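Asker: Per my numbering, numbering of the sequence shown is gapless, rising by one per residue and ending at 429.
Here it is, the structure, as structure tokens.
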Amino acid sequence: MVFMAYYEKGTGKNGRNYRKKKEILDVIHESIYDSQYVPEFEQRWKDMIQRYSLEDHEWLAVMYNERHRWVPCFLKPSFWAGMSTTQRSESINAFFDNFVNSKTTLKQFVEQYGRALRSKAEKEFHADKSSFAKTIPCVTSFEMEEQVQEIYTLAKFKEFQDEHVGTLYCDLLQSEGDRKFNVKEVRKINGFRKTINFVVEYEPLITFGICSCHLFEFRGTVCRNLIVVLLCLGLELLPEVYLLKRWRKDVKRAYTNVKINYDGWITTVEKERFRKLCKTFESLANMIADDDEKYQSVLLWLESQLSTYTPLQVHPSSICGNLTSIP
């Protein structure tokens, strides 16, 4: 993680805790990644600071003051589609490494930026085609896996499949009625087995549950702990609330019709129709915008056409809670 690299640099060879740096880094790592709740992180961090006498470490103090921006337990309850700030930075940097470097001139940057966007668009275009042309086989006979296989894109189905297979390493320890469940998961980290306990809170009236790992809230992927609970409750299919529209392969994404100025843009008949309609509507709007009577007449006609063709839209997914605002 970027944080760890900066800490190593910030500690320096003159720090009095330099000889214990590896031990301190391990404790920091546990505080950051093993804390499921904010109070838990706060206590772990406080204990670490006191144990190693790091009260005067300025850089750690700055990072702690900004903890809500980078510590997972602060970020995970919010939907990021899997991207935290550092993750996005690393991802974008890696992508542009293939096109620009520290010696790239401004002119070269503009040219390479266009090529980079073209590459990105082509990959997304081919990924969409692959989602319809190819299929990742199911590894279980559960209807839930077949359901997600049919609906989601290849990449997102693979994420779900990994979690579904991961239920093999989970055990339902106990439940408090039909609303709160404790799940034990065994993970292998750096060659060592580690047991982690999670809490799944479930609301039967709306068939919606939240795990303390917050994987669904953070990435939009149902976690293995929640899958264990749903199967235990006898649900053979994943509730519709967990099937987010943004990753369905039967959804047309409007932004793909927007023309971007770079060479070699892959076009389709649908995109050409879209651009021609937009150009025609824009010309019409310029002609009638100053005439209220013509404006009202055209607007009424457009609204009637909109109501006529609205039923042709593809199956929308319902999205619950905070996710209703996600495009």
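From the three backbone atoms N, C-alpha and C, an ideal C-beta is built for every residue, glycine too.
Here the structure is a predicted model, which means the values were calculated and not measured.
Taking the alpha-carbon positions, what's the Gln189 to Val164 distance?
Answerer: Only weak support is given to the placement of Gln189: the predicted model assigns it a pLDDT of 49, under 50, and the question is left unresolved by the model.
Asker: Need the endpoints of the beta strand (DSSP E) that Ile291 sits in, please.
Answerer: Note, Ile291: beta strand (DSSP E), 282-291.
Asker: Taking the alpha carbon of Tyr344 as the point to measure from, which residue in Phe310, Phe376, Cys315 has its own alpha carbon closest?
Answerer: Selected option, being the one with the closest Cα: Phe310.
Asker: Name, in chain order, the residues that DSSP records as bridge partners for Gly311.
Answerer: Gly311 is bridged to Tyr304.
Asker: Using 10 angstroms around the beta-carbon of Phe300, count the other beta-carbons present and answer buried if the total reaches 16, otherwise exposed.
Answerer: Looking at its Cβ environment, which holds 16 or more other Cβ atoms inside 10 Å, Phe300 is buried.
Asker: Using DSSP with H/G/I as helix, E/B as strand and the rest coil, what is Arg190?
Answerer: Reliability of the predicted coordinates at Arg190 is poor, the pLDDT of 45 falling under 50, and the value obtained from them is presented with this limitation in mind. Arg190 falls in the helix class under three-state DSSP.
Asker: Glu278 by DSSP, collapsed to three states: which one?
Answerer: Three-state result, Glu278: strand.
Asker: State the Cα-Cα distance for the pair Gly336 and Thr410, rounded to the nearest angstrom.
Answerer: Computed Cα separation, rounded: 41 Å.
Asker: Let me know the secondary structure DSSP gives Tyr254 once reduced to three states.
Answerer: Here Tyr254 sits in strand by DSSP.
Asker: Would you please verify whether the beta carbon of Glu287 is less than 8 Å from any beta carbon of chain D?
Answerer: Here there is only one protein chain, and chain D is not present.
Asker: Nearest to Gly268 by alpha carbon, out of Gly293, Gln251, Val241?
Answerer: Looking at the Cα atoms, Val241 is the closest of the given residues.
Asker: State whether the stretch 248-263 contacts the stretch 272-291, with contact taken as three or more CB pairs (one from each stretch) at a distance under 8 Å.
Answerer: Counting Cβ pairs under 8 Å, fewer than three are found: no touch.
Asker: How about Pro174 and Ile134: do their beta carbons lie closer than 8 Å?
Answerer: Yes; because the gap between Cβ atoms is below 8 Å, this pair is in contact.
Asker: Just grab the DSSP bridge partners of Arg350 for me.
Answerer: Beta-bridge pairing links Arg350 to Tyr254.
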